[in-house]
Each structure stands twice: as structure tokens, then as C-alpha cells.
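Participant:
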Amino acid sequence: MKKIAISAMAAACCLMLFTGMGWAAKYQYVTIGTGGVTGVYYPTGGAIAKMVNKKKKLYKIRATVESTGGSVFNVNAIMAGDLEFGVVQSDRGYQAYNGMADWKDKGKQSKVRSVFSIHPETITLIASTESGIKTCDDLKGKRVAVGNPGSGTRKNSEDALSTCGLGFDDLGAAEGLKAAEGSKMLQDGRIDAYFYTVGHPNGSIKEAVAGRVKVQFVSFTNTTDVLNKFSYYANAKIPVGQYPGAMNDGDVPTFGVKATFLTSSDVSEDVVYAITKEVFDNFDDFKKLHPAYAVLTKESMLEGLSAPFHDGAMKYFKEAGLK
Ligand code: GLU
Numbered sequence: 503m504k505k506i507a508i509s510a511m512a513a514a515c516c517l518m519l520f521t522g523m524g525w526a527a528k529y530q531y532v533t534i535g536t537g538g539v540t541g542v543y544y545p546t547g548g549a550i551a552k553m554v555n556k557k558k559k560l561y562k563i564r565a566t567v568e569s570t571g572g573s574v575f576n577v578n579a580i581m582a583g584d585l586e587f588g589v590v591q592s593d594r595g596y597q598a599y600n601g602m603a604d605w606k607d608k609g610k611q612s613k614v615r616s617v618f619s620i621h622p623e624t625i626t627l628i629a630s631t632e633s634g635i636k637t638c639d640d641l642k643g644k645r646v647a648v649g650n651p652g653s654g655t656r657k658n659s660e661d662a663l664s665t666c667g668l669g670f671d672d673l674g675a676a677e678g679l680k681a682a683e684g685s686k687m688l689q690d691g692r693i694d695a696y697f698y699t700v701g702h703p704n705g706s707i708k709e710a711v712a713g714r715v716k717v718q719f720v721s722f723t724n725t726t727d728v729l730n731k732f733s734y735y736a737n738a739k740i741p742v743g744q745y746p747g748a749m750n751d752g753d754v755p756t757f758g759v760k761a762t763f764l765t766s767s768d769v770s771e772d773v774v775y776a777i778t779k780e781v782f783d784n785f786d787d788f789k790k791l792h793p794a795y796a797v798l799t800k801e802s803m804l805e806g807l808s809a810p811f812h813d814g815a816m817k818y819f820k821e822a823g824l825k
């Protein structure tokens, strides 16, 4: 009797040990850093996670998404090993890899790796009509949200203001608000305008145009110098038709960057390969997951990147004849 009890206990222990180990070995968890929930990064992280999670039995990967402060936060968290992937503006990826701007003191973030690029993002400034802000010059003395610390937006706001010779000090107030707060504060009349470097359409701007206060996009046309100085910028237009209620007549000229999907050289080749393969092999399904992806082609998703490709991504691109 005693013998039976002992072997039963041993069997139970073995089972617990095995299932416990089995559970731990079952899935590899990866986290994708995005942005605020009313932006395009958050649904983008969700779209990528969805593609790979569909095949969780095959790859044994579980991808989860985290809402974060944006590009700068994501790069730093990837480098610290707190996130495996992140959506990051192409200009911010360039600066991190080359040790510029926010990474000037920390130096080159040489472990940053590209997976692929995604949708275009424009430097977007939306103002209340009652503020009288129509062009960059009108921003002097105004209360403007220039992007939260950790966002990619913040440096773009500075560059946009420089196109008319202004800096943060020339504003009445340069608020470090998140984009989700920006739309509310604009509607409450507590700020005159807010910057957001973002793909279109997005929830934040939809909220801003849907309120009681009438709003308009502000154009940036004097962009030659900033485009010559920084190769990652290109002229772009805000598709105003996507925001019924905005008080502009036609698409608004500004400049822009690209959203990119980045990782670290410390992340395993298998994981990066699996994610790249699922997004590209199911490209038509992926494209349907957000209207900002309408312009994407497989080829365009290999462009606009400044850090070297991760080996796992490269392996897939070679197999698929894309490289
Ligand atoms: N480009 C923004 C940033 O990095 C985020 C935009 C978004 O969440 O769609 O701060």
C-alpha cells in the first residue's frame, strides 16, 4: 500500500515536472511596442501579432502588443531587452542607429535591426479655426502640443517649426501631451493646435475633427531646407478627404517619414523569420487590416530603412526572391 502511494506520488511529481517544463517550453512570448491607442502603431502591432499568432502551433510564438509613448520609447525598450519588436519612425531608427538626436549622449545603438517598413506617416498639425493658425508663421505665441517625451513626433515638431524660423521658445506654450490627450485638449480649448506624426486615417484626428470646435490642418510648404538637411524626410500630403469635418478645401502639403518595424540583433533568427514570413506570405490579408496600408507593396516594405536587416528577415526575403 505504502509502495503504491509512493509511486503514485512520484508519478504525480514527474507529471508536474514534465507539464511544467512542457508549458515553459511551449511558447516563446514576444512583445511588440506600439504607440497610443488612437494612433496607427497600436493597430499595426495588433495586425502583425494576429498574423503570427494564427500559426502559434507551428511556430510556438505568442505575440502580444503594448501601448507605449511611441518611437523613442520603443527603440530604448528594444535595446534594453524589455521589448522584442517595436514600430518606430524611419527618422528615429536612423538617429538611433547612428547615435544622433535623442541618442547623441548614449551613442550609436548598433544592435538596432530592420524587419520591414510599413505605412507612410505625415507631420500633421491640426489647429482650431478660432486660433487663426493657417500656416507655420501663425504659430508664434500659440499653445501647441509638440509631442510627449518618448514620441517620435517631438523632433518632427521642432523641424516643422524650423521651416518658418521658429523654435519651441517662440510658442506661447510647448506642451508635452500624448496625441490622445491632444484631441481632447483641442476640443476643450485648452490648446490651439497639436502635432502628431502619424499615418492616416487615425482615431486621434478623427476625434479632433468630430467635436464642437471646428479644426483645420496646417500646411508646411517651406520644406526645401529641412528636406536637404535630413534625407529621411520627403514631401507628403494629408488626405483631408479621410476626415469629413476638417475645414480644409483640399489635401494639405507637409512632409513625412515612414513607420518601420524594428528589432534587436539579440532577437532570434527563427522568431524574426516567422513574423516576416507570415506578414509577407499573407500580404493581401495583412493589407486589409488597416486603411493606412492601402499604398503598400511588398517591394515598398523593404525600402526606407536605415539599420541593417535582421538575419531572420533577410533569410525570408532571399527565399521569397525579394532580395
Ligand atoms: N509616430 C508616432 C510616434 O512615434 C506614433 C504614431 C502612431 O502611434 O501611429 O510618436
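Just so we're aligned, residue 503 is where the sequence shown starts under the working numbering, counting upward by one.
Note that the Cβ used here is the ideal one computed from N, Cα and C, for glycine as well.
With 8 Å as the threshold, decide whether the Cβ of Lys825 is near any Cβ in chain C.
Facilitator: Structure shown: chain C not included; a single protein chain is present.
Participant: To which residues of the same chain is Asp813 closer than 7 Å at the C-beta, ignoring the five residues directly before and after it?
Facilitator: Here residue 813 is taken as the residue at index 311 of the sequence shown, counted from 1. These residues qualify, in order along the chain: Glu771.
Participant: Looking at Asp607: is its Cβ nearer than 8 Å to the Cβ of Gln597?
Facilitator: Walking along the sequence shown from the start, residue 607 turns up at place 105. Walking along the sequence shown from the start, residue 597 turns up at place 95. Contact flag unset, no.
Participant: State buried or exposed for Ala815, treating a residue as buried only when at least 16 other CB atoms are found within 10 Å of its CB.
Facilitator: Along the sequence shown, read from residue 1 onward, the residue named residue 815 stands at position 313. With 16 or more other Cβ atoms within 10 Å, it is buried.
Participant: Just to check my reading of the structure: Val774 and Val617 have Cβ atoms closer than 8 Å, yes? What is that Cβ distance to the nearest angstrom?
Facilitator: Here the question's residue 774 lines up with position 272 in the sequence shown. Here the question's residue 617 lines up with position 115 in the sequence shown. So it is a contact: roughly 6 Å between Cβ atoms.
Participant: Let me make sure I understand the geometry here. Which of Asp786, Gly541 and Ile693 has the alpha-carbon closest to that of Ser569?
Facilitator: Taking the sequence shown and counting its residues from 1, the one referred to as residue 569 is at position 67. For the residues Asp786, Gly541 and Ile693, the minimum Cα distance to Ser569 belongs to Gly541.
Participant: My guess is that Val720 and Ala822 are in contact by the Cβ rule of under 8 Å, so how many angstroms apart are they, rounded?
Facilitator: Taking the sequence shown and counting its residues from 1, one reaches residue 720 at position 218. Taking the sequence shown and counting its residues from 1, one reaches residue 822 at position 320. Actually they are not in contact, since the Cβ atoms of Val720 and Ala822 sit about 41 Å apart, beyond 8 Å.
Participant: In or out: Glu801 buried (at least 16 other Cβ within 10 Å) or exposed?
Facilitator: For the purposes of this step, residue 801 is taken as the residue at position 299 of the sequence shown. By the neighbour-count rule (16 or more Cβ atoms within 10 Å), Glu801 is not buried but exposed.
Participant: Beta-carbon within less than 7 Å of Pro793's beta-carbon, same chain only, minus the 5 sequence neighbours each way: which residues are those?
Facilitator: Working through the sequence shown from its first residue, we reach residue 793 at position 291. Once the five neighbours on either side are set aside, the close Cβ partners of Pro793 are Pro703.
Participant: Quick test of the definition: if touching needs 3 or more C-beta pairs under 8 Å, does the region 645-655 touch the region 676-692?
Facilitator: Yes, they touch.
Participant: Can you give me the Cβ contacts of Gly752 inside the same chain, cut-off strictly under 8 Å, excluding the 5 residues immediately before and after it?
Facilitator: As a position in the sequence shown, residue 752 is number 250, starting the count at 1. Excluding positions up to five away in sequence, the list reads Val742.
Participant: Closer than 7 Å by C-beta to Thr723: which residues in its own chain qualify, once you throw out the five before and the five after it? Chain order, please.
Facilitator: One-based indexing of the sequence shown puts residue 723 at position 221. The answer, listed in chain order, is Pro755.
Participant: Under 8 Å by Cβ, that's how I've got Thr626 and Tyr698 pegged, so tell me the actual separation to the nearest angstrom.
Facilitator: Position 124 of the sequence shown holds residue 626. Position 196 of the sequence shown holds residue 698. That belief holds up - the Cβ atoms of Thr626 and Tyr698 are roughly 5 Å apart, short of 8 Å.
Participant: Quick one: is Tyr529 buried, meaning 16 or more other Cβ sit within 10 Å of its Cβ, or exposed?
Facilitator: Numbered from its first residue, the sequence shown carries residue 529 at position 27. Under this definition Tyr529 is an exposed residue.
Participant: Rounded to whole angstroms, what's the CA-CA distance from Ala738 to Lys636? Just pull it up for me.
Facilitator: Residue numbering aside, residue 738 sits at position 236 when the sequence shown is read from its first letter. Residue numbering aside, residue 636 sits at position 134 when the sequence shown is read from its first letter. Straight-line Cα distance between these residues: approximately 18 Å.
Participant: Within 10 angstroms of the Cβ of Ser653, are there 16 or more other Cβ atoms? Answer buried if so, exposed if not.
Facilitator: The residue labelled residue 653 in the question sits at position 151 within the sequence shown. The residue is buried, with at least 16 neighbouring Cβ atoms inside 10 Å.
Participant: Residue ranges of each alpha helix (DSSP H) run of no fewer than 4 residues wholly in the region 697-727, ordered along the chain?
Facilitator: Taking only runs of at least 4 residues, the alpha helix (DSSP H) segments lying wholly in the region 697-727 are 705-711.
Participant: What does the alpha-carbon distance come out to for the pair Phe819 and Leu729?
Facilitator: Translated into the one-based positions of the sequence shown, residue 819 becomes position 317. Translated into the one-based positions of the sequence shown, residue 729 becomes position 227. If I take the Cα positions, the gap works out to 30 Å.
Participant: Would DSSP call Ile628 helix, strand or coil?
Facilitator: Against the sequence shown, residue 628 aligns to sequence position 126. Strand.
Participant: Tell me whether Phe670 is buried or exposed, calling it buried when 16 or more other Cβ atoms sit within 10 Å of its Cβ.
Facilitator: Translated into positions along the sequence shown, residue 670 becomes position 168. Its Cβ having fewer than 16 others within 10 Å, Phe670 is exposed.
Participant: For the ligand GLU, I want to know if Gln689 counts as a neighbour, meaning its beta carbon is within less than 7 Å of at least one of the ligand's heavy atoms.
Facilitator: Working through the sequence shown from its first residue, we reach residue 689 at position 187. Gln689 Cβ: outside cutoff for every heavy atom of the ligand GLU.
Participant: Let me confirm a value: Val614 is counted as buried when at least 16 other C-beta atoms fall within 10 Å, else exposed. Which label applies?
Facilitator: For this step, residue 614 is matched to residue 112 along the sequence shown. Classification of Val614: buried, given that the 10 Å Cβ count is 16 or more.
Participant: Can you find a heavy atom of the ligand MG that lies under 7 Å from the Cβ of Met602?
Facilitator: With respect to small molecules bound, the structure shown includes the ligand GLU and not the ligand MG.
Participant: Between Gly580 and Leu807, is the Cβ-Cβ spacing less than 8 Å?
Facilitator: To locate residue 580, count along the sequence shown from 1; it is residue 78. To locate residue 807, count along the sequence shown from 1; it is residue 305. What sits at residue 580 in the sequence shown is Ile, not Gly. Taking 8 Å as the Cβ cut-off, Ile580 and Leu807 do not qualify as a contacting pair.
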